[in-house]
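To start, the structure itself, in structure tokens.
There are 2 protein chains.
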Amino acid sequence: MKKKPAYQIVYQELKSRIKEDIYPIGTLLPTETELCQIFNVSRTTIRKAVNMLVNEHYLEVKQGHGTTILNPSTSQKLNCITSISETLATKGYHVTTKGVSLEQIAAPAKIAKIFHIKNDSPVYLLQRVQYIDDSPIALISNYLKFSEFPDLESHVPFPKGLYHLLETVYHISFKEADERITAVSANFTESQILRVPLNSPLLYSERITYSENGAFEFAISKLIAEKYEYSIHLEGRAD
Amino acid sequence: MKKKPAYQIVYQELKSRIKEDIYPIGTLLPTETELCQIFNVSRTTIRKAVNMLVNEHYLEVKQGHGTTILNPSTSQKLNCITSISETLATKGYHVTTKGVSLEQIAAPAKIAKIFHIKNDSPVYLLQRVQYIDDSPIALISNYLKFSEFPDLESHVPFPKGLYHLLETVYHISFKEADERITAVSANFTESQILRVPLNSPLLYSERITYSENGAFEFAISKLIAEKYEYSIHLEGRAD
DNA sequence: CAGTGGTCTAGACCACACT
DNA sequence: GTGTGGTCTAGACCACTGT
Numbered sequence: 321m322k323k324k325p326a327y328q329i330v331y332q333e334l335k336s337r338i339k340e341d342i343y344p345i346g347t348l349l350p351t352e353t354e355l356c357q358i359f360n361v362s363r364t365t366i367r368k369a370v371n372m373l374v375n376e377h378y379l380e381v382k383q384g385h386g387t388t389i390l391n392p393s394t395s396q397k398l399n400c401i402t403s404i405s406e407t408l409a410t411k412g413y414h415v416t417t418k419g420v421s422l423e424q425i426a427a428p429a430k431i432a433k434i435f436h437i438k439n440d441s442p443v444y445l446l447q448r449v450q451y452i453d454d455s456p457i458a459l460i461s462n463y464l465k466f467s468e469f470p471d472l473e474s475h476v477p478f479p480k481g482l483y484h485l486l487e488t489v490y491h492i493s494f495k496e497a498d499e500r501i502t503a504v505s506a507n508f509t510e511s512q513i514l515r516v517p518l519n520s521p522l523l524y525s526e527r528i529t530y531s532e533n534g535a536f537e538f539a540i541s542k543l544i545a546e547k548y549e550y551s552i553h554l555e556g557r558a559d
Numbered sequence: 321m322k323k324k325p326a327y328q329i330v331y332q333e334l335k336s337r338i339k340e341d342i343y344p345i346g347t348l349l350p351t352e353t354e355l356c357q358i359f360n361v362s363r364t365t366i367r368k369a370v371n372m373l374v375n376e377h378y379l380e381v382k383q384g385h386g387t388t389i390l391n392p393s394t395s396q397k398l399n400c401i402t403s404i405s406e407t408l409a410t411k412g413y414h415v416t417t418k419g420v421s422l423e424q425i426a427a428p429a430k431i432a433k434i435f436h437i438k439n440d441s442p443v444y445l446l447q448r449v450q451y452i453d454d455s456p457i458a459l460i461s462n463y464l465k466f467s468e469f470p471d472l473e474s475h476v477p478f479p480k481g482l483y484h485l486l487e488t489v490y491h492i493s494f495k496e497a498d499e500r501i502t503a504v505s506a507n508f509t510e511s512q513i514l515r516v517p518l519n520s521p522l523l524y525s526e527r528i529t530y531s532e533n534g535a536f537e538f539a540i541s542k543l544i545a546e547k548y549e550y551s552i553h554l555e556g557r558a559d
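Just so you know, the sequences run in chain order L and X.
Heads up: the first sequence begins at 321 in the working numbering, then just goes up one per residue.
Heads up: the second sequence begins at 321 in the working numbering, then just goes up one per residue.
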């Protein structure tokens with residue numbers, strides 16, 4: 321076992337104390353000097369841990385005043401890597417997945433380039449339709465790097481969601497993702513599957529997802545625009 | 321005048337040295353110990369400045385190896401507050417604005433709530449069509465807080481762009497923005513103005529923009545989906 | 001092995017907020 | 001004024017990368 325840095329321990333302990341309401345929302349955290357005594361570490365270490373929690377919007381510091389515990393539900397976590405079904409679930413919808421198809425295919429040039437593998441190497445292609453209650457909402461295709469997910473077939477149909485499976489069974493750590501979003505008109509097939517009129521507007525998104533070892537997923541989603549929206553948070557101005 | 325913290329000075333100096341190729345892209349930055357001597361400050365101060373540049377993707381640090389200067393053009397700045405015209409301009413398009421209309425209107429309830437003003441207080445409503453070369457691409461409505469922008473009329477039609485005007489003339493500091501993106505079908509009016517077939521897919525976005533003093537802009541954009549896409553960057557997983 | 005960044009300390013002084 | 005967080009130092013030891 322590796323030894324954990326002190327600031328990590330403080331960070332996790334503070335986080336759980338906030339979640340368990342030992343430090344209730346709206347109140348002030350103990351002062352930095354007090355926290356030094358509580359955890360028996362230097363102020364630098366405390367400040368590093370506190371800063372991490374500020375970045376995650378758990379805390380807000382104000383010079384001369386103190387450090388306030390924030391309400392995490394108010395500051396919804398935007399710009400995090402979440403699946404369509406997870407996003408819908410946090411909004412209170414009951415999401416189900418139907419028509420799951422998982423196959424091994426030869427990587428098209430575009431996919432091969434993203435995964436840094438040779439053209440026509442095997443990749444997984446997962447195709448699904450997602451439903452809210454009994455109405456379809458999304459058509460999703462996921463390309464997954466073959467070498468990272470041995471025996472993926474045996475886990476179909478991912479009762480807890482694809483991303484949950486990748487995290488728990490394959491121990492993938494989601495690092496970052498780049499997504500491009502535009503809109504298209506539903507063609508005949510799409511209109512039939514999603515049960516919308518021909519040419520209805522669909523949100524179209526392509527996402528590349530990265531772990532520490534590089535890209536491992538490329539996903540294409542087509543969503544009924546009337547039923548979905550992307551929420552994003554922007555910060556600062558470019559130079 | 322306020323005295324600048326040492327880490328700010330180091331940060332700015334390092335940033336300009338990178339931009340002026342004194343520290344060329346792809347090479348290693350001097351070691352932290354060397355930088356301490358160069359700037360005559362402690363290692364903590366150097367590390368704070370370096371960390372800021374890492375967050376802005378100017379540098380990459382690797383333990384046991386060194387700190388590398390990155391190519392900023394490779395890491396496009398996503399999730400920054402930019403206008404449609406600015407985004408298109410960085411992609412090399414020539415953007416023009418036509419049909420500018422600026423009026424004072426009584427704030428609808430939705431806008432009043434966002435700006436924290438009374439219903440029917442005056443707000444500016446700016447409406448425009450944006451073109452690439454001679455083809456229309458976007459239909460934009462901006463609601464602007466009346467009290468923050470006195471005499472806005474005199475600056476029409478914003479030759480350098482609305483956001484540039486707000487920054488330089490009104491000294492607004494863009495802090496953050498929240499945006500919701502979905503898609504709609506072009507109605508008759510929209511299809512005429514944008515010169516697309518009826519029911520063509522349009523990207524629809526609503527944005528609230530904040531300065532240090534709270535929300536000052538609410539913008540609605542309708543963009544021809546075939547000609548535009550949103551690029552976003554996601555990081556980490558929610559708990 | 002030598003050299004790099006990663007973590008940590010104990011103590012100092014400064015800038016701001018509240019009363 | 002008192003107390004909070006903001007900045008900064010000088011020095012120590014750990015952990016990783018490369019040869």
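The beta carbon of each residue, even a glycine, is placed where N, CA and C say it ideally should be.
Distance between residue j and residue i (C-alpha atoms, nearest Å)
| i | j | result |
| --- | --- | --- |
| K438 of chain L | A432 of chain L | 6 Å |
| Q447 of chain L | P477 of chain L | 11 Å |
| V330 of chain L | T364 of chain L | 12 Å |
| D440 of chain X | A427 of chain X | 4 Å |
| D498 of chain X | S525 of chain X | 10 Å |
| V420 of chain L | V449 of chain L | 7 Å |
| G556 of chain X | H436 of chain L | 22 Å |
| E406 of chain X | G412 of chain X | 10 Å |
| P442 of chain X | E537 of chain X | 13 Å |
| F508 of chain X | L518 of chain X | 6 Å |
| E473 of chain L | A539 of chain L | 18 Å |
| S467 of chain X | I492 of chain L | 50 Å |
| I404 of chain L | K495 of chain L | 18 Å |
| D454 of chain X | F469 of chain X | 31 Å |
| S541 of chain L | T529 of chain X | 28 Å |
| N375 of chain X | I457 of chain X | 34 Å |
Chain X within 8 Å of residue i, Cβ atoms only
| i | result |
| --- | --- |
| E340 of chain L | no |
| A503 of chain L | yes |
| I574 of chain L | Since the first residue of chain L shown is 321 and the last is 559, residue 574 of chain L is not available in this structure. |
| Y548 of chain L | yes |
| R363 of chain L | no |
| E423 of chain L | no |
| L379 of chain L | no |
| A545 of chain L | yes |
| N439 of chain L | no |
| K368 of chain L | no |
| N391 of chain L | no |
| K397 of chain L | yes |
| E555 of chain L | yes |
CB contact below 8 Å: residue i versus chain L
| i | result |
| --- | --- |
| N533 of chain X | no |
| C400 of chain X | yes |
| R448 of chain X | no |
| A558 of chain X | yes |
| L464 of chain X | no |
| L334 of chain X | no |
| P521 of chain X | yes |
CA nearest to the CA of residue i, picked from the options
| i | options | result |
| --- | --- | --- |
| D341 of chain X | X:I389, X:H385, X:E532 | X:I389 |
| L373 of chain L | L:Y530, L:N360, L:V449, L:E333 | L:E333 |
| T416 of chain X | X:C400, X:I460, X:L398, X:E376 | X:I460 |
| Y451 of chain L | L:N391, L:I513, L:Q357, L:D471 | L:I513 |
| T502 of chain L | X:Y548, X:E510, X:T529 | X:Y548 |
| K382 of chain L | L:Q357, L:F359, L:V361, L:E352 | L:E352 |
| S336 of chain X | X:R367, X:H414, X:L379 | X:L379 |
Residue i: CB within 7 Å of a non-hydrogen atom of the ligand SAM
| i | result |
| --- | --- |
| N439 of chain X | What this structure holds is no ligand at all, so the ligand SAM is not there to describe. |
Extent of the continuous alpha helix (DSSP H) run through residue i
| i | result |
| --- | --- |
| H484 of chain L | 482-488 |
| K335 of chain X | 326-339 |
| V381 of chain X | Premise fails: V381 of chain X lies in the beta strand (DSSP E), 379-382, not in any alpha helix (DSSP H). |
| T349 of chain X | Reading off the sequence shown, one finds Leu at residue 349 of chain X, where the question assumed Thr. Unbroken run through L349 of chain X: none, as it is neither H nor E. |
| F508 of chain X | 508-514 |
| T402 of chain X | Note, T402 of chain X: premise wrong, no alpha helix (DSSP H); not H, not E. |
| L373 of chain L | 363-375 |
| I434 of chain L | 429-435 |
First and last residue of the uninterrupted beta strand (DSSP E) at residue i
| i | result |
| --- | --- |
| V443 of chain L | 442-452 |
| L464 of chain L | 455-465 |
| K542 of chain X | 534-544 |
| L501 of chain X | The sequence given here places Ile at residue 501 of chain X; Leu does not occur at that position. Here the beta strand (DSSP E) through I501 of chain X covers 496-505. |
| V420 of chain L | 415-426 |
Using a Cβ-Cβ cut-off of less than 9 Å, give me the residues of the segment 489-501 of chain X that come near chain L, in sequence order.
Identification of residues in the segment 489-501 of chain X having a C-beta nearer than 9 Å to some C-beta of chain L yields S493, F494, K495, E496, A497, D498, E499, R500, I501, given in sequence order.
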